[in-house]
Amino acid sequence: MSESSLRVVWVYPDLLSTYGDRGNALVVERRARQRHLNVTRIDVRSDQAVPTSGDIYLIGGGEDRPQRLAAERLRNDTGLVRAAENGAIIFGVCAGFQIMGHEFINDLGEREPGLGLLDVWTTRGEDARCVGDVLADVDQRLGLPQLTGFENHQGVTHLGQGVSPLATVVAGRGNGTGDGTEGAWRDTVFGTYLHGPVLARNPAVADMLIKLALDVNALPPADTTWYDALRAERIAATTRPA
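Those letters in the sequence shown? Residues 0 to 241, by numbering that gives the first Met the number 0.
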């Protein structure tokens, strides 16, 4: 697979990169290089145009005002939307997940338009903030092991008919709707509330993104010793009786 190349785009690290979400870009890059793939990582700041020629686009979380600024600039730029229309892989976390939907509540308490890449919309929860470790069973069609991560959000994300839940929570709150859903996905666009960074805790998800980008059914094996240790530690902490 050494002749294959991969362009990984990390979107707006200056606005959307809380809780170590930059680690998602590092993990995808590392998992690709372990397979001897030629990888180019492009960090696109909010004053730069989002290229449309990327293979995998990663978007992290952020505070309310940076999230509003990011949404405004992504709507005006249109590069990410055009990349999605071209079949690129999009993976958004927390604020990035909300931005990919139809709308969310911004720092001014107003309804802020999203990009409409996922049929979801986010309101502000009235109950306690969703904070803590999450364990969730991933949609069986994706063929992935349990999802582990850390959530910290006040948003309540509702899913429309055009998406499926990424996972169903075993522990934690997920989308905050009370129905056990966590995240959402459609075709090559994925969203989740989980930090951790989530791809470090779940290397199989990173591998899935790479497979989708390369349009292959399998990747050569790669060492997962470090990832397995992290997963085991966090899953044990999540399931340990209080």
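We put the CB at the ideal spot given by N, CA and C, even for glycine.
Keep in mind it's a predicted model, so treat the numbers as computed, not measured.
Three-state class that DSSP yields for residue 78 in the structure shown
Residue 78 falls in the helix class under three-state DSSP.
Beta-carbon gap between residue 202 and residue 223 smaller than 8 Å
Yes, Cβ-Cβ distance for residue 202 and residue 223 is below 8 Å.
According to the neighbour-count rule (16 or more other Cβ atoms, all chains shown, within 10 Å of its Cβ), is residue 215 buried or exposed?
Looking at its Cβ environment, which holds fewer than 16 other Cβ atoms inside 10 Å, residue 215 is exposed.
What does the alpha-carbon distance come out to for the pair residue 58 and residue 96?
Distance between the alpha carbons of residue 58 and residue 96 is about 8 Å.
Label residue 204 either buried or exposed according to how many other C-beta atoms from any shown protein chain fall within 10 Å of its C-beta, with 16 as the threshold for buried.
Residue 204 should be labelled buried.
Sequence-distant residues of its chain with Cβ nearer than 8 Å to residue 234 (five each side left out):
Correct list, in chain order: 134, 145, 147.
Between which residues of its own chain and residue 39 is the CB-CB distance below 8 Å, once the five residues before and five after are set aside?
Once the five neighbours on either side are set aside, the close Cβ partners of residue 39 are 4, 5, 6, 7.
Might you give, ordered along the chain, the residues of its own chain that have their beta carbon closer than 7 Å to the beta carbon of residue 206, omitting 5 neighbours on each side?
For residue 206, the CB contacts under 7 Å within the same chain, skipping 5 residues up- and downstream, are 30, 218 in chain order.
Whole angstroms are fine: how far does the CA of residue 127 sit from the CA of residue 242?
Any property of residue 242 remains undetermined from this structure, which presents the chain solely from 0 to 241.
Whether residue 104 touches residue 123 by CB criterion (8 Å)
Yes, the Cβ-Cβ distance between residue 104 and residue 123 is below 8 Å.
Could you check the C-alpha separation between residue 196 and residue 27 for me, to the nearest Å?
Spanning the alpha carbons of residue 196 and residue 27 requires a straight line of approximately 11 Å.
Could you give the DSSP three-state label for residue 236: helix, strand or coil?
Helix.
Residues bridged to residue 251 by DSSP?
Because the chain spans 0 through 241 in this model, residue 251 falls outside it and cannot be assessed.
How is residue 224 classed by DSSP in three states: helix, strand or coil?
In the structure shown, residue 224 sits in a helix (DSSP, three-state: H, G or I).
Assigned exposure category for residue 239 - 16 Cβ within 10 Å defines buried
Within 10 angstroms of the beta-carbon of residue 239 lie fewer than 16 other beta-carbons, which makes it exposed.
Which of the three DSSP states, helix, strand or coil, is assigned to residue 132?
The answer is strand: DSSP assigns residue 132 an E or B state.
Counting only runs of 4+ residues fully inside the segment 44–109, write out the alpha helix (DSSP H) ranges in chain order.
For the segment 44–109, whole alpha helix (DSSP H) runs of length 4 or above, ordered along the chain, are 63–76, 78–84, 94–98.
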